[in-house]
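S.K.: As you go down the protein sequences, you meet chains A and B in turn. Position one of the first sequence corresponds to residue 187 (my numbering), numbered consecutively onward. Position one of the second sequence corresponds to residue 187 (my numbering), numbered consecutively onward. Idealized CB from N, CA, C, for every residue including glycine.
There are 2 protein chains.
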Amino acid sequence: MSLPNVLRTKSSGRDSYHHGDLRAALTGAATELVRKNGPDHLSLRAVADQVGVSPSAVYHYFPSKESLINDLGDQLFKKMAVMQREALSQIPGNSARSARLRYRELGRTYFRWANSEANLFRLMFGGFCKADQRDSHQDQEAFVMLTECLDDLLATGVITPAMRRYGELISWAAVQGASTLIIEGILPEAAFEELLDGLELAMRGGGK
Amino acid sequence: MSLPNVLRTKSSGRDSYHHGDLRAALTGAATELVRKNGPDHLSLRAVADQVGVSPSAVYHYFPSKESLINDLGDQLFKKMAVMQREALSQIPGNSARSARLRYRELGRTYFRWANSEANLFRLMFGGFCKADQRDSHQDQEAFVMLTECLDDLLATGVITPAMRRYGELISWAAVQGASTLIIEGILPEAAFEELLDGLELAMRGGGK
DNA sequence: CCATAATCTGAACACTATTCAGATACCAAC
DNA sequence: GTTGGTATCTGAATAGTGTTCAGATTATGG
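1. Check whether the Cβ atoms of residue 270(A) and residue 295(A) lie closer than 8 Å to each other.
2. On a CA-only basis, which of 235(B), 308(B), 257(B), 220(B) is nearest residue 369(B)? Give me that one, please.
3. Once DSSP output is grouped into helix, strand and coil, what is the label at residue 282(A)?
4. Would you mind giving the Cβ-Cβ distance between residue 282(A) and residue 213(A), rounded to the nearest angstrom? I have them listed as a contact below 8 Å.
5. How is the alpha helix (DSSP H) around residue 261(B) delimited, first residue to last?
6. Once you ignore the five residues that flank residue 189(A) on each side, which residues in its own chain have a CB closer than 8 Å to its CB?
7. Considering only residues of the same chain and omitting the five flanking positions on each side of residue 361(A), which have a CB-CB separation below 7 Å?
8. Would DSSP call residue 220(A) helix, strand or coil?
9. If I measure Cβ to Cβ from residue 232(A) and keep anything under 7 Å in the same chain, skipping five residues before and after, which residues do I get?
10. Hey, which unbroken runs of the alpha helix (DSSP H) at 4 residues or more fall wholly within the segment 308-349 of chain A?
11. When DSSP labels each residue in this structure, what does residue 384(A) get in the three-state scheme?
12. Any beta-carbon of chain A closer than 8 Å to the one on residue 361(B)?
13. Under 7 Å Cβ to Cβ from residue 262(A), same chain only, skipping five residues before and after it: list those, please.
14. With DSSP collapsed to three states, give me the class of residue 296(A).
15. Between residue 315(A) and the rest of its own chain, which residues show a CB-CB distance below 6 Å, the 5 nearest in sequence each way excluded?
16. Determine the chain A residues that contact residue 384(B) at a beta-carbon separation under 8 Å, and present them in chain order.
17. Whole-angstrom Cβ separation of residue 391(B) and residue 392(A), contact assumed at under 8 Å?
18. If you run the structure through DSSP and keep just helix, strand and coil, what is residue 376(A)?
Okay, structure coming up:
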């Protein structure tokens, strides 16, 4: 091209022929586009356009569109784990009360993410990025937070030992499923808090 | 075209220039292609090819690819309800035992469908077909079956009244979520039976 | 300062959804 | 039984897609 490419800075955009950090710019633009248009309807050319680069430049950093999407998935799982950790850090303490608040907040954070970024949530769990091609450390990190929370609930006598055994599985599955059913318009948004009530009751021993 | 189109029968394929039941043939072929290649990667042209018709013929029955996919979603929800009803019909009886078996079988049928037809499951719950554009009678039918099953569990004293209140929500959400997490490779397949154990224990009152 | 390696471009290929004017075949009326 | 009308399907065209690759451009180390 014969145009003078002296438009942007080197760190976040374009200084010259080379881009600085094209890989990060691409994933950033891709995330934004998925957010707006959904994981299907992601166009490599639109991503390249947004960044101000030719479509073929993408293939220097990702062997295919699919691998770019896989990378997005990785980042999103990481981001989700960060949000969970932040949420937990704001509810310290060893009491039964704080453990219960943490438990609910873990679920709420999960759902809030799903509900506010439905398209990103769909990217994560809609078969677009394969788990075996992902750094499974993220999944484990989220799992560990839930495990610690459940341990606290058991230690403070909130939940029964019998239910503790199924804590991670039931909690994760229920929150994941409710999130999906709500963002797809099958259940109303208010159903989530009700689910948390039910979950807590179940883990405590189910009442009479 | 100048080729002699005397190849197939009128009911299922092609008799002549006209097709007989093109709409059904299209949705059938589309379902098969989604099954194999996933809800993204569905190509209208491939669907038309499979049926032996030109791409533009599709637009006589569906205003867009999206509306075809919406129709697929409708059919799949219907099919799922049928499978649930069939599964239930094989476990009659008013005993606590039969009610418990029905409860588990409802969950298993849901998961078996998700696990054996992951791509169709993704089509249903991955944001491809909108719930408000769907005949919501299907959702309600599945919901009613679960409700009746839970009523039986309550009547036979298997579950507590307190948990009965959350029965549909927790069960549906947990089964839906576990199905997703398993078919996406995040949880192992064996986790589902464990989830059913946990769910049943939770609904019974959670043990000690 | 120059050669080499890293980076990006342009054009091409095969594919996609969608539109529309026109061809084709069925059906009903005469 | 021919004819007109109508539902149905085709062909071609448009605009957009992922992907490849030869070549242009720039940064970097000797």
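M.R.: So, from the data block:
1. yes
2. 308(B)
3. helix
4. About 42 Å separates the two Cβ atoms, so there is no contact after all.
5. 251-275
6. Low per-residue confidence applies at residue 189(A): pLDDT is 30, beneath 50, and the placement is therefore not dependable enough to give any value.
7. 293, 296, 297
8. helix
9. 219
10. 323-341
11. helix
12. yes
13. 306, 309, 310
14. helix
15. 255, 256, 259
16. 349, 351, 352, 355, 356
17. 4 Å
18. coil
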